[in-house]
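Written below as C-alpha cells is the structure these notes are about.
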Amino acid sequence: MSKLAGDTIREAVTTIKNGVNEKPRKFTQTIELQIGLKNYDPQKDKRFSGSVKLPHIPRPKMKVCMLGDAQHVEEAVSIGLQWMDVEALKKLNKNKKLVKKLSKQYHAFLASESVIKQIPRLLGPGLNKAGKFPTLVTHQESLESKVNEIKATVKFQLKKVLCMGVAVGNCDMEDKQIFQNVQMSVNFLVSLLKKNWQNVKSLHLKSTMGTPAESIGLQWMDVEALKKLNKNKKLVKKLSKQYHTFLASESVIKQIPRLLGPGLNKAGEVPAPKEYHGDTSPPLLSELYSTAL
448 MSKLAGDTIR EAVTTIKNGV NEKPRKFTQT IELQIGLKNY DPQKDKRFSG SVKLPHIPRP
508 KMKVCMLGDA QHVEEAVSIG LQWMDVEALK KLNKNKKLVK KLSKQYHAFL ASESVIKQIP
568 RLLGPGLNKA GKFPTLVTHQ ESLESKVNEI KATVKFQLKK VLCMGVAVGN CDMEDKQIFQ
628 NVQMSVNFLV SLLKKNWQNV KSLHLKSTMG TPAESIGLQW MDVEALKKLN KNKKLVKKLS
688 KQYHTFLASE SVIKQIPRLL GPGLNKAGEV PAPKEYHGDT SPPLLSELYS TAL
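When you line the sequence shown up against this note's numbering, it's residues 448 to 740, in that order.
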C-alpha cells in the first residue's frame with residue numbers, strides 16, 4: 448500500500464503543467480522526481496542501487512546506442528537506432544578522453560553478447576565508471592522492445608550525497624501516466640531504503656525549466672493545530688486512524704499528553720522523537736505519507 452497522498456501528486460502535476468503552459472518552450476520539458484533522504488550516512492551505511500521499469504516512458508527522446516554484431520547493426524539501422532560495431536570501437540583505442548566523450552554522447556548503451564564480452568578490452572573501464580555499462584540484448588529479443596525497456600527504466604543509486612533525481616515523465620504525457628510513474632518510482636525507492644519511509648526527508652516534482660512543485664504527500668501539524676483538537680477523544684481517534692505513524696520534534700512530543708490525552712498511545716501510535724535542528728523543514732508531528740492511492 449502506498450503512503451503517498453494522491454491528491455497532492457495531482458496538484459503538483461497540475462502546478463507544473465500550468466507553469467509550463469504560461470512559459471512555453473521550444474522543446475518538451477522532462478518532469479523529474481527529486482528525493483531528499485535522511486538518517487543515512489553514505490560513508491558508513493551500505494549504498495543502495497536499484498532499477499525499476501516504469502509503466503510509461505518518461506523520456507522518449509533518450510539517446511541509446513547499440514554496440515552490435517552484424518545482425519544487431521542491421522536491426523539498429525532498420526529502426527533508426529544509433530550503433531557502433533567492433534571495428535568502430537577498436538578505433539577509440541581505449542583512449543580515455545574518447546571513451547568519456549562517447550559515454551556523454553548517449554544516455555544508455557545496449558550490446559550484443561559477442562560484443563559485451565570485449566568491452567573491457569576495447570574500451571577499458573570508462574563506460575562502467577560513468578555508470579553506463581551496456582545492457583545485454585540477445586537475438587531472441589526484439590531490439591525495439593529492448594530499447595523501449597531501457598527508456599522506461601530509472602535507476603536509484605545512493606552516492607556521496609543524500610539527494611537524487613530521476614525522470615518520471617514529460618509535459619506531453621497525460622496526468623494519469625505521470626501519476627502512475629511517480630507512484631511506482633517512489634514505492635520502489637522506499638523498498639530500497641533501510642528504514643523505508645522513515646528515511647524519506649522530502650519529495651519534489653520539477654520540470655526542466657521550472658522550480659520544484661510542492662512536496663509530495665508531506666503532512667504536518669503544529670502545536671496550534673493540535674490545540675484545536677481540544678483533547679476530544681473522537682477527533683484524536685480519527686487522527687490516529689488517518690495516518691500510519693507519527694514523528695514529532697522534541698519540543699512537541701513533551702506536550703502530546705497535555706494536548707491530545709492518551710489517544711495516540713492507546714492506538715499504539717505515540718510519535719517517535721525526531722530532531723530537526725538545522726533542517727529546512729518545519730517541526731512536524733507527522734511527515735509520513737498518508738492517503739493510499
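All residues carry an ideal CB built from backbone N, CA and C; glycine is no exception.
Sequence-distant residues of the same chain with beta carbon closer than 8 Å to Glu661, five excluded per side: At Glu661 the pLDDT is 49, less than 50, meaning the model places this residue with poor confidence; the figure from the coordinates comes in the next sentence. Listed in chain order, the non-local C-beta contacts of Glu661 below 8 Å within the same chain comprise Thr455, Glu458, Ala459, Thr462 and His651, local neighbours out to five positions each way being set aside.
Can you tell me which of Arg568, Ser550 and Gly616 puts its alpha carbon nearest to the alpha carbon of Val601? Gly616
What number of angstroms, rounded off, separates the C-alpha of Val499 from the C-alpha of Ser632? 7 Å
Residues bridged to Glu479 (per DSSP): Partner(s): Ala614 and Lys653.
With the cut-off set at 8 Å, would you say Leu536 and Leu569 are in Cβ contact? Against a cut-off of 8 Å, the Cβ pair of Leu569 and Leu536 comes out as a contact.
Which ranges does the alpha helix (DSSP H) cover as unbroken runs of at least 4 residues, wholly within the stretch 536 to 612, from first to last along the chain? 543 to 552, 560 to 563, 566 to 570, 573 to 576 and 590 to 599
Inter-residue Cα distance where the pair is Thr477 and His554: 14 Å
Coil, strand or helix - Gln702 by DSSP: coil
Alpha-carbon to alpha-carbon, Met620 and Thr655: 14 Å
Pick helix, strand or coil for Val460, following the three-state DSSP scheme. Three-state result, Val460: helix.
Rounded to whole angstroms, what is the Cα-Cα separation between Val562 and Asp516? 7 Å
Met531 versus Glu596 - alpha carbon distance: 20 Å
Buried versus exposed call for Val608 [16 or more other C-beta atoms within 10 Å across all chains shown]: exposed
Can Lys598 and Pro507 be called in contact, C-beta distance under 8 Å? yes
Alpha-carbon spacing of Leu706 relative to Lys648, whole angstroms: 26 Å
Using only alpha-carbon positions, find the residue among Val584, Leu549, Lys548 and Lys684 that is nearest to His519. Val584
If you follow the alpha helix (DSSP H) that Gly515 is part of, which residue opens it and which one closes it? No alpha helix (DSSP H) contains Gly515, which DSSP labels as neither H nor E.
Assess, as a yes-or-no matter, whether the stretch 476 to 492 is touched by the stretch 539 to 551 under the definition of 3 or more beta carbon pairs within less than 8 Å. no
Using a 10 Å radius around the Cβ and a threshold of 16 neighbouring Cβ atoms, would you call Ala719 buried or exposed? With a pLDDT of only 46 at Ala719, under 50, the local geometry of the prediction cannot be trusted, and the value read off the model is given with reservation. Classification for Ala719: exposed.
Determine the DSSP secondary structure at Gln624, reduced to helix, strand or coil. helix
Tell me the DSSP secondary structure of Ala695 in three-state form. The answer is strand: DSSP assigns Ala695 an E or B state.
Here's a check: name, in chain order, each residue in its chain whose Cβ is nearer than 7 Å to the Cβ of Lys674, leaving out the five neighbours to either side. Leu706
Chain-order list of residues whose beta-carbon lies under 7 Å from that of Glu522 (same chain, five-residue window excluded): Leu590
Please confirm if the stretch 667 to 686 is in contact with the stretch 630 to 644, defined as three or more CB-CB distances below 8 Å between the two stretches. no
Helix, strand or coil at Leu484 according to DSSP, with G and I counted as helix: strand
From the DSSP output, in three-state form, read off Pro720 for me. Note that Pro720 scores 46 on pLDDT, short of 50, meaning its location in the model is unreliable; the coordinates nonetheless yield the value given after this. It is a strand residue.
Span of the beta strand (DSSP E) around Lys641: It is not in any beta strand (DSSP E) - Lys641 carries neither H nor E in the DSSP assignment.
Since Pro502 contacts Gln627 with CB under 8 Å, what's their CB separation in whole angstroms? 5 Å
With 16 other Cβ atoms within 10 Å as the buried cut-off, status of Val629: buried
Answer yes or no: do Gly466 and Phe603 have a C-beta to C-beta separation smaller than 8 Å? no
Same chain only: Cβ atoms within 6 Å of Pro471, ignoring 5 sequence neighbours per side: none
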